[in-house]
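As structure tokens, the structure follows; a few thoughts come after it.
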Amino acid sequence: MIRFADFSFCYEGMNEDTLKNINMEIKDGEFLLLTGRSGCGKSTLLRSLNGLIPHFYPGETKGDLLYGEKSLLKMLPSEIAGKVGTVFQDPRSQFFMTDTTRELAFGCENMGYEREEIISRVEKAVTDLELEQYLNRSIFALSSGEKQQIAIGSVYALAPKVYIFDEPSANLDHEATKRLAGIMKKLKSAGYTIIVADHRFYYLRDLIDSVIYIENGSIVARYTGKEFCELDKTLRIHKGLRTVYPEKEIDNKQDDKLAVKSRLGGHKLKVENLSFEYEKKQRILDNISFEASPGDVIGVIGHNGAGKTTLISVLTGILKEKGGKVYYGGKKLSPANRRRLSYLVMQDADYQLFTTSVEEELTLGISDVDSDLVSGTLDKLALSEYKDKHPAALSGGQKQRVTIGASLIKNSEVLYFDEPTSGLDYDSMIRVSELIKELSGGGAIIFLVSHDFEFITHTCTRMFDLDAEKMLDVNKGNLQMLAKKYFA
Amino acid sequence: MKNTKLIGKDLILTGALTALMFIIYMIISIVMSLAGPVTNVFYPPAVSVVNGIVMMLLLAKVPKYGALSIAGVIQGLLSFLVGAFWTVGTGLIVGALLADFLIIGKREITTGKMIAAYSVFSGIFTFGAIAPMNILRDAFMQTTLRNGLSQEYVDGLINMTQWPMLTVIIIAGFIGGLVGGFIGLKVLKKHFVKAGLVQAA
Amino acid sequence: MNQSIREKILAVSFHGTARLDPRLKLLLLIILGCVSFFINGDIPVLLLMLSVTLFVMAGSDPGWGIKMLITYLVISYLNTCLRYLTIPVLSLMISIFGVTVLKMIPIITLGRWVIKSTYMDELTVSFERAGMPLTVIIPFVVMFRYIPTLAIEYRMIRNTMRIRGVSDTVLKVLTHPFATVEYILIPLLMRCLKVSDELAASGTTRGMERENKRHALLKIKFGAKEYVILACTLCLVIALFVADRSEIGQYILWRQG
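Residue numbers (UniProt numbering), protein chains in the order written: chain S, 1 to 488; chain P, 1 to 201; chain D, 1 to 257.
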């Protein structure tokens, strides 16, 4: 049992407590979901459970945090290691070894177990979590979802009683999310205590025992799993929460003719027999053809490895096509032309920020700057008050809006978004969705790669299915088909 | 209660930033060696100037005794692995240990100390990187003479590798460290302090 | 069924000399690194290269050994051809460069092979047994893992720069070298801070900081085999030195025809 007794925490150098007077009990074997808006203190709560607070992130604690009879605050992270296991958000940045087998053994080796013990623990992890197919592979060759499974396996081998997941679905596609839910189910039925913090939680709906809603560092609401799943929609939106049943969003899609209606005049983007392969001769894109008009918001969908990112990279001109042609307004485009025409908003905004202030960032690479346009753009993106701030000091959602702003100043006619909602809470998701609709209303062609069903339903007018290699309108029928793939 | 012991977090950051420094070192040394004879011998100061940015970030994020040593020792070990002459690795290791021990020490780290330490490190590293020029002269001469090159060439070779010339390069190494340190602090202020990622020093 | 999982866990991707103790590999690297520095004769250096190639070929990576041997021979030949070129200073510098590269090739051959053929945990454990403190081992291991990541991150940053028209042409890079370095380095460092923080959190919660004795997944031992090879290497070194000082050291490969 874990008990927070009037627990507060203040990070070093901050004026306000990030966690305020937390009182709660987590029973053995409980499946607890922590949720709330970005920056509400969920991650801080998790960090105090695995010992990172106060040893790794220094600061001041008040009250106590008990694991059984002992205070977790008095234990070093290395002492907590075998008791509480943590799986972090980004699977790319949690491995130390270069091959999977040794990564699974990493924790056990640190604990100083004897060889036989290490082997049998790794063996148990591989058997229980069905990781056999991943053994003896280079970590760098794995997908995000596979990396995460190895990360879970490595924690599992330490045999902790409590598992903590910090936004585990943020970097996963829907298939990997499904597998994650499968693993969590196994852990739950084996009797482990599981604590998850996430913005998207549809995949946990059959597992949650209880939910804690945090606002501004305090627990403001507690629900049982059933209560939470039946939460009234207006209340849920008011609290900034994502839906538990994304497939139900289809019913809100009123107009089946949306795609046709939203289409505007202007230059069309035409793709003819586009092909691409990497040097190893495996064809990734094979004779792709479609046409897109201004006003289209096209969701690029397809199974993992279908070539979604490759398609975007070829269309933006980062990669050169191996066959086929791309036309815009009837003119054939070279990769350099395409780069001039398009803008890519990456999943990780960190790669796209170069300068020392938001204002400077928007105008980088532009020769004649229109200052009215800049201030107008800042207003539109609700960034005016941050214009002199360093982009790296902003939150994830704000950083993303800065990169979108740069595309507005560049006046790109074709925009690409790669997983724009990963790690965003409901409010930020809706804001991006509205922004994209506005951009497309202004005559831009927009492509987005996303696994976020709720977001696709809200935002897209059409979908390009890379598995079937055809363009679909976003209507109830097609959404239902997609929902079947995602949630069945 | 300032924690002066290096903890896991510090070690990882040191490792990651050292990886970056080492890659920069490799790229600059290879490019400058290929670019021509004069740039070739001046690669260590150039490396120091660019790496100044990384090193200043490291020392600002991990203001503890030992960070500079680890960064130097690891680069030194790696330079053995990639086939550099042992004087290069030794220069890196000795330079880092010495600078850390003599200048940084166990007390509070100031920006002045950071730059001074980095300059010393850079100077000793340059010495290590350039020393083979002198020591290897025999090897070069043997080879060139055997290859039937004229005495004129051999004279040129001797001139290029005499100590006066080498001294100039080594002094450039110290200056490269100073310049790199100053640029590093400027970049630190411009980006990382402004973004709140590093406390103002 | 379970037996097969166990076998897979214990499967060894390397064989032959690649399974020698990492400490021996590193020791050889240092010894041969110094040796290549002190011997100059064409034949002795070629012999050194040949022995390194054979050693590497006996351990998992024959292709690499052969590739490097061919590279060595080609450069050695070209370097000798230089005597037909008589451009003042330049051909001299190229010759110096050639000699330097020739001395580096055997060590590069061995060095990359050591990195490729050694499991990270065995490196950790053998460093630990050799008395190296955790404060050096952890950053060292992290480096190996972080270098491939740096390449990926660099590519992402360059892609953005190309789309945004920032330092995207050779001309722009040459006219604004400092700005280019800054635009590349700053996002790289920002990511570095973030990734290393996450990595450290993950490692810390898995007991990375524990200072107890560690065991690798596979048995490693500095045993008889290692001592024999060490002894052979020392013999080789002595032989090379003797050869280098004798007439063999004076003999010139690729004598002009």
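Every residue, glycine too, gets a C-beta built ideally from N, C-alpha and C. Keep in mind the model is a prediction, meaning the values are calculated, not measured.
- Counting C-beta atoms within 10 angstroms of its own C-beta, Ile152(D) has fewer than 16 neighbours from the protein chains shown and is therefore classed as exposed.
- Taking one beta carbon from each stretch, the segment 53 to 73 of chain S and the segment 172 to 182 of chain D have fewer than 3 pairs nearer than 8 Å; the two do not touch.
- When C-beta atoms of the segment 302 to 318 of chain S are compared with those of the segment 331 to 347 of chain S, three or more pairs fall below 8 Å, so the two segments count as touching.
- Under the three-state reduction of DSSP output, Lys147(S) falls in the helix class.
- The Cβ atoms of Asp296(S) and Ser440(S) sit closer than 8 Å to each other.
- Only buried fits Glu247(S), as 16 or more other CB atoms lie within 10 angstroms of its CB.
- Among the CB atoms of chain P, one or more fall inside 8 Å of the CB of Ile30(D).
- Taking 4 residues as the minimum length, the alpha helix (DSSP H) runs contained wholly in the segment 212 to 278 of chain S are 225 to 229, 233 to 238 and 258 to 262, in order along the chain.
- The Cβ-Cβ distance between Pro391(S) and Val345(S) does not fall below 8 Å.
- Look at Lys194(P): its C-beta is under 8 Å from a C-beta on chain S.
- Under the three-state reduction of DSSP, Asp350(S) is assigned to helix.
- The Cβ-Cβ distance between Thr44(S) and Val211(S) does not fall below 8 Å.
- Two segments are said to touch when three or more pairs of C-beta atoms, one from each, lie closer than 8 Å; by this definition the segment 104 to 116 of chain D touches the segment 80 to 95 of chain P.
- Checking the DSSP bridge columns, you'll see Cys10(S) partnered with Glu60(S).
- Against chain D, the CB of Asp370(S) has no partner CB under 8 Å away; the residue lies outside that interface.
- Under DSSP, Leu76(S) forms no beta bridge with any residue.
- At least 8 Å separates the CB of Phe222(D) from every CB of chain S.
- Against chain S, a Cβ distance below 9 Å from Leu98(P) picks out nothing, because the smallest value is about 31 Å.
- Residues of chain S whose Cβ lies closer than 8 Å to the Cβ of Ile163(D) are, in chain order, Thr316, Gly317, Ile318, Arg339, Ser342, Tyr343 and Leu344.
- In the three-state scheme derived from DSSP, where H, G and I count as helix and E and B as strand, Tyr486(S) is classed as helix.
- Between Phe7(S) and Met1(S), the alpha-carbon positions lie close to 16 Å from each other.
- The alpha carbon of Pro106(D) has as its nearest neighbour, out of Ile31(D), Pro139(D) and Met120(D), the alpha carbon of Ile31(D).
- Here Val88(P) has Ser79, Gly128 and Ala129 as same chain residues with Cβ atoms under 7 Å from its own Cβ, once five neighbours each way along the sequence are excluded.
- What Ser196(D) touches in chain P, judged by beta-carbon distance under 7 Å, is Ile12, Leu13 and Ala16, going in chain order.
- Using a Cβ-Cβ cut-off of 8 Å, Thr160(D) is close to Leu344, Met346, Tyr351 and Gln352 of chain S, given in chain order.
- The segment 138 to 158 of chain D makes no contact with the segment 118 to 133 of chain S, as fewer than three CB pairs between them are under 8 Å.
- Counting along the chain, the unbroken beta strand (DSSP E) around Ile446(S) starts and ends at Ile445 to Val449.
- Under the DSSP assignment, Lys399(S) falls in the alpha helix (DSSP H) whose first and last residues are Gly396 to Lys410.
- Beyond the five residues adjoining it in sequence on each side, Ala11(D) comes within less than 7 Å, by CB distance, of no other residue in the same chain.
- For a Cβ distance threshold of 8 Å, nothing in chain P lies close to Thr461(S): the least Cβ distance comes to about 38 Å.
- The C-alpha of Val474(S) lies about 25 Å from the C-alpha of Ser169(S).
- For Phe165(S), there is no enclosing alpha helix (DSSP H); the enclosing beta strand (DSSP E) covers residues Val162 to Asp166.
- With fewer than 16 other Cβ atoms inside 10 Å of its own Cβ, Asn15(S) counts as exposed.
- For Lys106(P), no chain S residue has a Cβ inside 9 Å of its Cβ, as the nearest lies near 20 Å away.
- For Phe464(S), the pairing in a beta bridge is given by DSSP as Val300(S) and Met471(S).
- Distance from the CA of Gln347(S) to the CA of Ile366(S), rounded to the nearest whole angstrom, comes to 23 Å.
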